[in-house]
Amino acid sequence: MNFFMDTLFMNMLILLDFLLIILMIIPNNYYYYHPLLMAMILIFFTIIMSIKLNYLLNSFWYSYILFLVMIGGLMILFMYFTSLINNQLFYLKSKNYLYLIVKFLIFMMIVYFYMKMYNLMYIDNFELINLNKFFKFMELDLFKNMFMDYVFDLTIYTIMYLFFMMICSVIICLKSKIPLRQINKINN
-7 MNFFMDTLFM NMLILLDFLL IILMIIPNNY YYYHPLLMAM ILIFFTIIMS IKLNYLLNSF
53 WYSYILFLVM IGGLMILFMY FTSLINNQLF YLKSKNYLYL IVKFLIFMMI VYFYMKMYNL
113 MYIDNFELIN LNKFFKFMEL DLFKNMFMDY VFDLTIYTIM YLFFMMICSV IICLKSKIPL
173 RQINKINN
């Protein structure tokens, strides 16, 4: 049963690594980068990294706080980007999907041959299983206590700075009587 759980754990980590690689390959297929595409990729990247940290660490708090901080920052960045760009339509072409699939298959073949050549196909050869045991070594849960101590001043300062910037931008827009995002109206 323990071997089955270790195998499942390793397969999940490898699958999450492949998903991260796919997310890094996607922006290479477009000539211009739309903020909506970049925001979606960053959100998926954050979700996958939070899941991966949840598997590797003993406590879920670190992945939970990472997810909340990244999503909060992404919401602010997305608001700033959408207030600056014009209203552009975002098109996905099927030719880009085909190119992405070919790139991914070539990458998968290279990884498979590399693992086969260095005899990494068997679960016994991976040392990542011991990573979880390393964090539990001598009952030192450093990541669990990172946000429960009085040492997280930088995190509090960052949260206060983002909140202050959001309030300042809203006050500037309210005094100027303009919205944060311009909407192009079509005249009939």
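For the sequence shown, this note's numbering begins at -7 and goes up steadily by one.
Positions of the beta carbon are idealized from the N, C-alpha and C atoms, including for glycine.
Other residues of its chain near residue i: CB distance less than 6 Å, five sequence neighbours each side excluded
| i | result |
| --- | --- |
| Y70 | Residue identity differs from the one stated: residue 70 is Phe in this sequence, not Tyr. Hits under 6 Å: A31. |
| F52 | N46 |
| S168 | none |
| V183 | Residue 183 cannot be examined here, being either before or after the span of the chain that is shown, -7 to 180. |
Proximity to residue i [Cα-Cα], best of the options
| i | options | result |
| --- | --- | --- |
| I57 | I13, F99, L5 and I148 | I148 |
| I93 | L11, I6 and L5 | L11 |
| I14 | Y47, F99 and L66 | F99 |
| S43 | G64, L166, G65 and L7 | First, the residue type needs correcting, since residue 43 is Ile and not Ser in the sequence shown. The shortest Cα separation from I43 among G64, L166, G65 and L7 belongs to L7. |
| F36 | L49, M16 and F52 | M16 |
| K47 | M152, L5 and L90 | According to the sequence shown, residue 47 is Tyr rather than Lys. Considering only alpha carbons, the answer is L5. |
| G65 | I151, L90 and V162 | I151 |
Beta-carbon spacing of residue i, residue j below 9 Å
| i | j | result |
| --- | --- | --- |
| M62 | L34 | yes |
Sequence-distant residues of the same chain with beta carbon closer than 7 Å to residue i, five excluded per side
| i | result |
| --- | --- |
| L45 | Y54, S55 and L58 |
| I163 | none |
Neighbourhood of residue i by C-beta, 8 Å cutoff - its chain only, sequence neighbours within 5 removed
| i | result |
| --- | --- |
| I242 | Since the first residue shown for the chain is -7 and the last is 180, residue 242 is missing from the structure and cannot be characterised. |
| I68 | L154, M157 and M158 |
Where residue i falls, given that 16 or more other Cβ within 10 Å makes a residue buried
| i | result |
| --- | --- |
| N117 | Summary for N117: the model assigns pLDDT 45, below 50, so the residue's position carries little reliability, and this model does not support an answer. |
| L49 | buried |
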